[in-house]
Structures are given as C-alpha cells and as structure tokens.
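Residue numbers (UniProt numbering): 1 to 379.
Just below is one structure, and these are the notes that go with it.
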Amino acid sequence: MTINENYPHINAPAYVLEEKKLIKNLEMLREVRDEAGIEIILALKAVALWPVFPLIRQYLNGATASSLNEARLIKDHMGDRAHVYAPSYRSEEYELLAATAQSITFNSLSEYKRHYPSLKNLNSSLHFGLRVNPGYSEIDVALYDPAGPGSRLGIHTLTQLPSGITGLHFHALCENNSFTFERVLESFETRYQQFLPDLEWVNFGGGHLITEASYDIPHLISVLKKFKERYPHLKVIMEPGSAVAWQTGFLKTTVKDVIDTPDRKFLMLDISFTAHTPDCLEMPYNPAVRHAQFGTNGEHVYYLGGASCLAGDQLGPYSFKNKMQAGDHLILEDMIHYTLVKTTMFNGVQHPDIGMIDRADQYKVLRRFDYEDYKNRMG
Ligand SMILES: Cc1ncc(COP(=O)(O)O)c(C=O)c1O
Numbered sequence: 001m002t003i004n005e006n007y008p009h010i011n012a013p014a015y016v017l018e019e020k021k022l023i024k025n026l027e028m029l030r031e032v033r034d035e036a037g038i039e040i041i042l043a044l045k046a047v048a049l050w051p052v053f054p055l056i057r058q059y060l061n062g063a064t065a066s067s068l069n070e071a072r073l074i075k076d077h078m079g080d081r082a083h084v085y086a087p088s089y090r091s092e093e094y095e096l097l098a099a100t101a102q103s104i105t106f107n108s109l110s111e112y113k114r115h116y117p118s119l120k121n122l123n124s125s126l127h128f129g130l131r132v133n134p135g136y137s138e139i140d141v142a143l144y145d146p147a148g149p150g151s152r153l154g155i156h157t158l159t160q161l162p163s164g165i166t167g168l169h170f171h172a173l174c175e176n177n178s179f180t181f182e183r184v185l186e187s188f189e190t191r192y193q194q195f196l197p198d199l200e201w202v203n204f205g206g207g208h209l210i211t212e213a214s215y216d217i218p219h220l221i222s223v224l225k226k227f228k229e230r231y232p233h234l235k236v237i238m239e240p241g242s243a244v245a246w247q248t249g250f251l252k253t254t255v256k257d258v259i260d261t262p263d264r265k266f267l268m269l270d271i272s273f274t275a276h277t278p279d280c281l282e283m284p285y286n287p288a289v290r291h292a293q294f295g296t297n298g299e300h301v302y303y304l305g306g307a308s309c310l311a312g313d314q315l316g317p318y319s320f321k322n323k324m325q326a327g328d329h330l331i332l333e334d335m336i337h338y339t340l341v342k343t344t345m346f347n348g349v350q351h352p353d354i355g356m357i358d359r360a361d362q363y364k365v366l367r368r369f370d371y372e373d374y375k376n377r378m379g
C-alpha cells in the first residue's frame with residue numbers, strides 16, 4: 001500500500017474517529033467498572049465529541065465537567081447531570097450549574113465558603129466535595145503534573161470536613177499505570193484517612209491509562225477491590241479521559257509543498273501543529289506518522305511544516321521510505337483525545353473536518369468548518 005492509498009474517500013484535512021476502536025476501549029472500561037464495583041465517567045476535557053455521547057453512555061456511568069459549558073453538553077447529549085470540578089466558580093452561573101450538575105467539587109475551602117450556601121439553596125439534591133492534593137505524583141512534565149511542586153490544584157492541608165461535604169476528589173495521574181495509582185492512593189489514604197469514615201464517595205480523578213496495551217487491568221481491579229474492602233460504605237468514581245479515546249483515530253493531512261532550506265527539508269502540510277495538535281508543541285512530543293519513522297535513519301528525511309506563520313509550527317525529523325511530493329497524504333496517529341477539544345483557528349488556517357468511520361466501515365463527516373466559524377469567534 002502506498003501512502004496515497006490511505007483512505008482516498010476521506011477529504012483531508014480531517015480528524016477521523018474509528019468507532020470500532022472506541023467501542024473496544026469502552027468495553028474494557030466497562031469490564032473494569034463491573035468487576036471492581038465502581039463508577040467510571042468520561043472526563044469531557046479530553047473528549048467532548050458529543051455525537052458519540054449516546055454510545056459512550058451505553059458503557060460508562062456519565063461524565064465529569066470542568067466548566068458550566070461542559071456540564072451543559074453532558075446534560076444535553078448524555079442526558080445525565082454532570083459531576084463538576086472547576087478550579088473556581090462564577091456566581092453568574094449558579095442557576096444553570098445547579099440545574100445541570102449532580103455533584104460539585106471545590107478546589108479550596110474559600111471556594112466552598114463562597115459558593116456552597118447558594119448552590120445548596122438552589123438544589124438541595126446536589127452532592128458536594130473537596131478536591132485534595134494527595135501529595136504524591138510520578139509525572140516528568142511539570143505542565144501535566146497536577147500534584148507536583150507549586151500545584152494550585154486541590155487543598156494541601158485539611159483539618160476538618162466542612163458541613164455538607166460528602167466526598168473527596170483527587171487527580172494526580174497523567175497517562176500513568178495502576179502501580180503509580182496504587183502509590184498515589186496510599187499517599188491519599190495516609191493524608192486523609194481520618195475523613196473517609198464520614199464520607200459517601202471518593203473520586204480518584206483521571207490519568208488512568210487503562211486501555212493502553214501494557215496496562216495491568218487485573219492489578220487495578222485488585223487495588224480497587226482492596227480499597228472497597230477497607231471502605232465498603234464509599235462509592236468509588238474514576239474519571240479517565242485519554243483512556244476512553246486512546247488510539248481511536250487519526251488526523252489525515254495533505255502535503256501541499258516540499259521545500260528545501262539550508263538546514264531542513266520540509267513537507268508543508270495543510271494542518272498547523274499549534275492550531276490543530278497543540279500538545280505536540282506543548283508537551284512536546286512527536287506523534288507516530290503512519291509509514292514513517294521518527295528520526296533520520298531512513299532514506300528520505302523531512303520535517304513536517306505547519307500551515308501557520310509561527311516559526312516553531314513544525315515537527316520532526318521523520319524518515320520516509322519513499323520520496324514525498326505535493327499531493328501525498330500523511331496519517332498522524334492517535335489524534336482524538338486532547339486534540340479536538342484544544343484546537344484554535346489561529347491564522348485562520350482551515351480547521352480539519354471531524355469525521356467518523358462507523359462500525360459498518362462507512363465514513364461520515366460530523367462537522368465541516370467554514371469562514372463563518374472563523375468570523376463568529378470574533379464578533
Ligand atoms: C480533574 C481531572 N479529572 C480527569 C482528568 C482526565 O485525565 P486523563 O484524560 O489524563 O485521563 C483530568 C485531566 O486533566 C483532570 O484534570
């Protein structure tokens with residue numbers, strides 16, 4: 001198969017979700033949920049593709065929101081009230097928040113004091129929680145470390161449970177395995193176990209990369225079961241995002257031009273990394289490119305040039321077996337989680353379509369963007 005034979009029926013640029021792969025992940029997550037007797041909810045910040053919410057809801061218990069907009073999307077398209085955690089809340093949003101949330105978690109005691117009375121007043125069935133910092137994490141990149149030095153996320157010292165608080169939440173993982181989770185849980189228990197008998201629920205956050213090939217699912221289930229044996233009265237919630245959409249689709253892009261500079265040879269693409277795959281520059285990381293290798297160990301070495309005027313809008317080097325030319329297509333792998341939710345229209349670069357290859361292998365475009373989308377962001 002040559003590169004140009006990749007999905008000829010799909011117009012580039014396009015993010016393409018593969019439904020069968022999503023279902024496979026969802027089946028794994030449902031198995032963990034049922035075996036361990038916990039609830040698993042989708043973290044919307046990673047995947048907000050609402051056309052597939054009804055599918056996701058068949059396997060998971062609902063979703064968690066980090067803003068009112070996310071909570072509304074959950075209510076509108078999953079039919080559930082959202083679990084909500086945000087670093088701070090806005091009093092202008094109380095009514096809608098109280099109508100769309102089932103639980104609200106505060107990042108600090110001052111946020112609790114500021115908002116709890118009004119929210120409780122508006123909806124007495126709401127559950128309230130506090131986010132605490134477990135004081136332990138194993139994440140190398142500071143940008144993605146919610147419990148590392150200098151963290152503003154979660155209460156560091158809790159001496160007593162304020163009235164009305166029925167749950168504690170922590171989030172200290174990022175693409176971690178069950179053994180790291182076990183160590184974080186141990187630190188959480190050491191710090192906060194005195195409060196656990198008085199609570200109704202705990203939320204172990206996201207970052208559990210349960211659907212990654214090497215993840216030890218039986219070990220996770222045993223950690224969760226042991227926790228439940230210690231605290232049988234507690235409802236346990238996990239809220240992965242990445243794991244739901246891990247390896248479930250790609251970004252198809254077209255080579256528009258091939259240029260030689262004194263230092264580098266570029267494939268100039270119709271997508272922009274800063275606008276369409278921002279994590280590649282923020283983390284930074286080099287995504288897998290189908291039929292190419294990262295590095296210079298191949299015959300034809302190119303950098304990938306983004307379509308914006310940002311100097312650093314480039315990735316590479318990548319080695320290709322064949323000489324590349326304008327009109328060729330590239331497939332960037334694993335481009336569903338934390339991409340669609342983070343894109344911008346910087347430089348007015350054409351936003352890729354969002355599409356899906358469904359379980360019957362039919363491709364359909366879910367969304368195409370145009371000039372009006374660009375214009376409407378500004379006025
Ligand atoms: C509070 C919270 N919950 C859940 C998640 C989802 O994490 P992941 O997508 O890594 O599973 C995040 C990610 O930032 C988060 O901040």
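Here a beta-carbon is modelled for each residue, glycine too, at the ideal position from N, C-alpha and C.
Keep in mind that this is a model prediction, so the values were computed, not measured.
Anticipated Cβ contact below 8 Å, residue i with residue j, distance rounded
{"i": "F170", "j": "G205", "result": "6 Å"}
{"i": "G305", "j": "F369", "result": "Contact doesn't hold; Cβ gap of about 21 Å is too wide."}
{"i": "A275", "j": "T344", "result": "5 Å"}
{"i": "N69", "j": "I41", "result": "The pair is not a contact, with the Cβ atoms about 17 Å apart (cut-off 8 Å)."}
Enclosing alpha helix (DSSP H) for residue i [first to last residue]
{"i": "residue 396", "result": "The question about residue 396 has no answer, for the chain in this structure spans 1 to 379."}
{"i": "D257", "result": "Not the alpha helix (DSSP H): D257 falls in the beta strand (DSSP E), residues 249 to 260."}
{"i": "E200", "result": "Premise fails: E200 is in no alpha helix (DSSP H) and is neither H nor E."}
{"i": "H219", "result": "217 to 230"}
{"i": "residue 384", "result": "Absent from the model: residue 384. The displayed extent of the chain is 1 to 379, so no value can be given."}
{"i": "F266", "result": "That residue, F266, is in no alpha helix (DSSP H); its beta strand (DSSP E) goes 265 to 269."}
{"i": "K235", "result": "No alpha helix (DSSP H) holds K235; the beta strand (DSSP E) holding it covers 235 to 238."}
Minimum C-alpha distance to residue i - residue among the options
{"i": "C280", "options": "G148, L143, E70, K256", "result": "L143"}
{"i": "T100", "options": "H77, H276, E299, L168", "result": "H77"}
{"i": "G327", "options": "R377, I357, M268", "result": "M268"}
{"i": "G241", "options": "Y338, A360, M324", "result": "Y338"}
{"i": "E333", "options": "Y302, Q350, E299, K252", "result": "K252"}
{"i": "E111", "options": "K323, A71, P162", "result": "P162"}
{"i": "G135", "options": "Y192, K45, E282, V32", "result": "Y192"}
{"i": "T64", "options": "E372, M238, E200", "result": "M238"}
{"i": "E92", "options": "S108, R114, I74, K75", "result": "R114"}
{"i": "K235", "options": "A243, K225, A86", "result": "K225"}
{"i": "A71", "options": "Q58, Y59, Y94", "result": "Y94"}
{"i": "Q160", "options": "N123, V132, G150", "result": "V132"}
{"i": "E200", "options": "T166, A213, S187", "result": "T166"}
{"i": "G249", "options": "L158, Q194, P287", "result": "P287"}
{"i": "L158", "options": "P146, F188, Y59, G148", "result": "F188"}
{"i": "V202", "options": "F227, F179, R183, E182", "result": "F227"}
{"i": "residue 380", "options": "Q314, H127, V349", "result": "This structure cannot speak to residue 380, because the chain is shown only from 1 to 379."}
Span of the beta strand (DSSP E) around residue i
{"i": "H115", "result": "Per DSSP, H115 belongs to no beta strand (DSSP E); it is in the alpha helix (DSSP H), 109 to 122."}
{"i": "E333", "result": "329 to 333"}
{"i": "R367", "result": "363 to 367"}
Sheet register partners of residue i (DSSP bridge)
{"i": "I104", "result": "V84, F128"}
{"i": "H171", "result": "H171 is not bridged to any residue."}
{"i": "V16", "result": "F250, G355"}
{"i": "H208", "result": "N176"}
{"i": "V289", "result": "L332"}
{"i": "S319", "result": "Q293, V301"}
task = Go through the residues and name those whose CB comes closer than 5 Å to any heavy atom of ligand 1, in chain order.
result = After applying the 5 Å Cβ criterion, the set is A43, A46, H171, G205, G206, G207, E239, P240, G241, S242.
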